[in-house]
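Taking it in order: structure first as structure tokens, then the write-up.
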Amino acid sequence: MRLHRLSITAFGPFGATQEVDFDALSSAGLFLLHGPTGAGKTSVLDAVCFALYGAVPGVRQSPGASLRSDHAPADLPTEVQLELTVGGRRLEVTRSPAQPRPKKRGDGFTLEKAQSRLRGHDPERGWQALSKSHQEIGEELTRLIGMSRDQFCQVVLLPQGDFARFLRSDAEARGKLLGRLFDTRRFAAVEERLAELRRGGEARVTAADERILALAQRIAQAAGPAGAEATPIAARPGEPGLAEAVLEWAAVARSTARERLDIAHRVLTGAEGRQRTARHALDTERELARLQERYEETVRRAAALEERRPEHDRCQEELERARKADRVAPALELREEAELAHRRADAALDRARAQLPSDLADAGPDQLAELERRFRQELGGLESARRAEARSAGIDGERERLERESRADDATVRDADAWLAGWDAVHAGLRERIATAQEAATRAERLAGLLAPARRRLEAARRRDALADELLAAGETLAEARERALDAHESWLGLRERRLRDIAAELAAGLVDGTPCTVCGSAKHPAPATEGDGHVDRATEETALTAHRRAEETRARAEQALGLVRERHATAHAEARDAAAPAAADGSSAAVADGEAQGAPGPSVDELRDTVDRLAAEHAAEHLLAAGTHAAREALDAAEREHADRLELRQEAERRAAARTSRREALDREQTALHDELAAVRGASGSVAAHADRLTRRVELLAEAAEAVRAERDAARRRKEADDRLSDAAFRAGFDTPEAAAATLLDAAAQRDLQHRIDAWQAEAAAVADRRAERDAREAAEQPAARPSAAQGAFETAEWLLREASSALAAADQRCGELTRLSRQAADEVRMLGPVRQEYERVARLAGLAAGTSADNERKMRLEAYVLAARLEQVAAAATARLQRMSSGRYTLVHSDARTGGRRAGLGLHVVDAWTGSERDTATLSGGETFFASLALALGLADVVTEEAGGVRLDTLFIDEGFGSLDDQTLDEVLDVLDSLRERDRSVGIVSHVADLRRRIPVRLEVVKERQGSSVRHRL
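Read in order, the letters of the sequence shown correspond to residues 1 to 1020 in our numbering.
Right, dumping it as structure tokens:
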């Protein structure tokens, strides 16, 4: 990787745009970046890191800190642009952080989101835009560089202060730095996974033991008193021997329960015998009491029967007299009917005589019949006159009908003549209407072919505009998700680091006197570590890790959603430009933006809506006009049919007029003859019908009067006969007069009531006689009074004892069955626990070995520490080659895996002094020795990390501070080592304010601190 050019605008201390030409600075291989304290030397390196990774080094990335320069004017945006060559590609990356900018409308500021742009240089086409996505740019640069931000800051920027602390720090601090550089999280994840498996296995074994103990408790509950007598189980969940103790204890409980079941069977047999005896005694006493009560009831009923005997005799006598009167009842009914018929006939005769003339008021039936016969003969002679009169009326009606038909035909002829006069003009107009509709149909079809594509383009434009907003929202969501994921990751790492610092206190919390320590193995714990302020436990760390993973999942979903919205937006944009041949969307909003920038943004929604509305209005008008084609054709056909119909109607009307003239003459002749005939018959009446009605009324009155006279005479005769029959029937029934028989007569309901009373008394008398004949009741009455309540008490006592015995037997039987079932379940749980316990023991051994707590791990070295120790050994070997040169062959860095005190082994770092032959800790080096040792370590670490990253070539390096602690000779040797880096075409930038370096290094980049902001000057 080689840096070419850096442009810094309103960044950090730089208030204006500053250009750094790394190509000119790198031409000499070694250049100096110098300036006064606070001028912004480190800010130049921060700008490089920000351009590549979108963030400054972690030490200076404090929460709430702003990258924008306080010296910059409000309208000048903060921006960093870096041109570099990496992975064989010439790239230009431009980044702007989130920053406030003046509002376009009104006063105040608004927050503008962070932006990123990446361009690539093609020798033939020049600079080409590659992406505007933060994520895509970050992933592409990380892939090409092959290092994360932390690795880049340690390998390329070489912060000497960090490596000096690395030399003096303990194994835990070294592990943190090496873990970030070599990304050994996967090994820590293996440790954590094994620990999780161990905890899970332990939880499963404990859960199985708890289920077995729960079954033991249920067995104790089911065993009842037998369970209380057994020895309780002393083992706890997780302890060996628990399962066997539970099975043994369950067997004892089952044996005791079976013995109690046999005892309950014998007790139940004795209780059943006593209950049968008490039941027999109770039944005997109840039967004696029933017979004695029955006899007493019979005596009471006999006395009551004798008291009701007089009433029974009276009812029987009254019923016999009513039955005799029943024989006179038909004659009485016949007499009443005859009397009623006579009164009706007499009233009808009075009404009929009132309608007759006074001379016929006393006429007999024969005289009235003779007059009736004479009037009927006269009425019969008027029948032919009635027919003649009806025919005369019919002729008048027919003549009126002929007149109406004549007037209707005349109107029909006039209407037809008027309609036929305008036929030619109507016919031509209808044909022209058909032609116009056909032309409109052709135009409507053409407009329909234009309207459908226009509507599709309008809909695509609407989707395009809506998706543009969604695209911005999705981008904002992704940026927020990335920030939250980064915050969650840093929070987790911080909590993990704090927990590891106090891990000794966490382990000390589980120490028990007399129990060996899992770290050192000692059974004595004289000074266990205590928790410091802000201690973090495992649950808090796991919660932070879960939050980090959820944030990463949210970020991945946001990236996927942004990609989908980009594809849909590109597709809608292409369809809006040309619906007939939509362009294929490439899923990149950058490609769409490039297309718009080339002059093809596509029509707006308003333009397309106006086009669609215009085409729709024209199409609707033409379609409405074309829709009249069928109606026009039908109108023409109807007009032609009507023309033919009217011609035919006029001809038929003329034919009917000639026929009516002949018919009218024949009717006149017939009417004259009928008038002469009727004048002779009607007489004084206005018509034959009126004369006939008068005769008919007279005949009806005479017939009604004659019939009324005959009916009155018949009714009087039947009344006389009924009186005679009634007197005869009353005498034969034994009554003196018919009135006496009528007074004795009872209706059917009264007779049934008397009969029911008589029958009830006789039935009661028979029942009493039967009871008096019962022998067992008489014998029971002679015995002492029965005592059923005492027998009932004895029986209830025996019954209660039987129920108690049955309940005890059922409980004992249920207890045996429940104990058998629970014992079977316990045996099944014990069988299933065997493989689970074996798996737990195997995982526990592996987890202890990886965590360094197992006795098999002699050095108590964790898996991650073991891997980091191998990396540290490589770094020490690479650093020794330069350290020997810087120290004139005196010092050599070696890796040590020996344990110091109670700490774990694996990450020790010693220096070997060739002058004394001794090996000592790097913390004993002097200030200058510490500087060149840390420089050698940094360079060696850069070589190892570069190899780890896939051998990416690093052509530009920066070394930050530390040269002020060297003497002149050592400084010359260090500069010679740095100058040797140019052998592989590298350029090294030294960041320092040491004045002597300005004389030794001619190529310099000076950072000048000024009131309006810092600036850079090239000294070539």
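For each residue, glycine too, the CB sits at the ideal point set by N, CA and C.
May I ask you to report which of helix, strand or coil DSSP gives residue i?
| i | result |
| --- | --- |
| I1001 | coil |
| E1010 | coil |
| L907 | coil |
| P788 | helix |
| G940 | helix |
| A646 | The question names Ala, but residue 646 in the sequence shown is Arg. R646: helix per DSSP, three-state reduction. |
| V1016 | strand |
| L6 | strand |
| P835 | helix |
| T853 | coil |
| V512 | coil |
| A584 | Confidence in A584 is poor, its pLDDT being 33 and thus under 50, which makes the residue's placement unreliable; the coordinate value appears in the next sentence. Residue state, collapsed to three classes: coil. |
| T110 | strand |
| H71 | coil |
| A16 | strand |
| A593 | Note that A593 has pLDDT 39, beneath the 50 cutoff, so the model's placement of it is unreliable and no number is given. |
| D126 | Checking the displayed sequence, the identity of residue 126 turns out to be Gly instead of Asp. Correct three-state label for G126: strand. |
| R308 | coil |
Taking C-alpha atoms, which residue in the options lies nearest to residue i?
| i | options | result |
| --- | --- | --- |
| L852 | Y866, V252 and A933 | In the sequence as displayed, the identity of residue 852 is Gly instead of Leu. Comparing Cα-Cα distances from G852 to each of Y866, V252 and A933, the minimum goes to Y866. |
| L349 | L872, R1011, A703 and T892 | A703 |
| L701 | D23, A551, P784 and P357 | P357 |
| R185 | E670, A411, T277 and R496 | R496 |
| Q128 | Q135, L118 and A658 | L118 |
| L745 | L319, H675, V709 and R614 | L319 |
| Y295 | I212, R577, T820 and A780 | A780 |
| L458 | E483, R609 and E398 | R609 |
| E618 | A444, K41 and R373 | A444 |
| R463 | P603, R538, A16 and A303 | P603 |
| T820 | A10, A220 and L67 | A220 |
| W1022 | D262, R279 and R482 | The question about residue 1022 has no answer here: the residues shown for the chain are numbered 1 through 1020. |
Return the CA-CA distance between residue i and residue j, expressed in angstroms with no decimal places.
| i | j | result |
| --- | --- | --- |
| T546 | L937 | 36 Å |
| S888 | I1001 | 22 Å |
| L997 | D856 | 55 Å |
| G12 | T37 | 14 Å |
| D668 | R641 | 41 Å |
| E124 | L130 | 16 Å |
| H643 | V426 | 11 Å |
| L957 | A995 | 21 Å |
| L91 | L82 | 8 Å |
| E19 | V44 | 10 Å |
| S1014 | V56 | 19 Å |
| V1003 | V988 | 11 Å |
| T78 | A72 | 8 Å |
| F735 | A706 | 43 Å |
| A556 | E575 | 29 Å |
| A289 | A777 | 10 Å |
| A708 | A352 | 7 Å |
| A558 | G475 | 8 Å |
| T880 | R871 | 14 Å |
| A10 | K132 | 21 Å |
| Q1012 | S491 | 37 Å |
Between residue i and residue j, which are expected to be in contact by the criterion C-beta below 8 Å, what is the C-beta distance as a whole number of angstroms?
| i | j | result |
| --- | --- | --- |
| A826 | A250 | 6 Å |
| L76 | V991 | Not confirmed; about 26 Å, so no contact. |
| P100 | L111 | 6 Å |
| L194 | V830 | That belief does not hold up - the Cβ atoms of L194 and V830 are roughly 27 Å apart, past 8 Å. |
| R656 | D409 | 6 Å |
| W419 | R650 | Actually they do not touch by this definition, with Cβ atoms about 10 Å apart. |
| E712 | D346 | 6 Å |
| A264 | A812 | 4 Å |
| A876 | L833 | Rounded, the Cβ-Cβ distance is 50 Å, inconsistent with contact. |
| G120 | R89 | 6 Å |
| V605 | A461 | 5 Å |
Continuous alpha helix (DSSP H) assignments of at least 4 residues falling wholly in the stretch 715 to 786: Taken in chain order, the complete alpha helix (DSSP H) segments of 4 or more residues contained in the stretch 715 to 786 are 738 to 744, 748 to 772 and 775 to 782.
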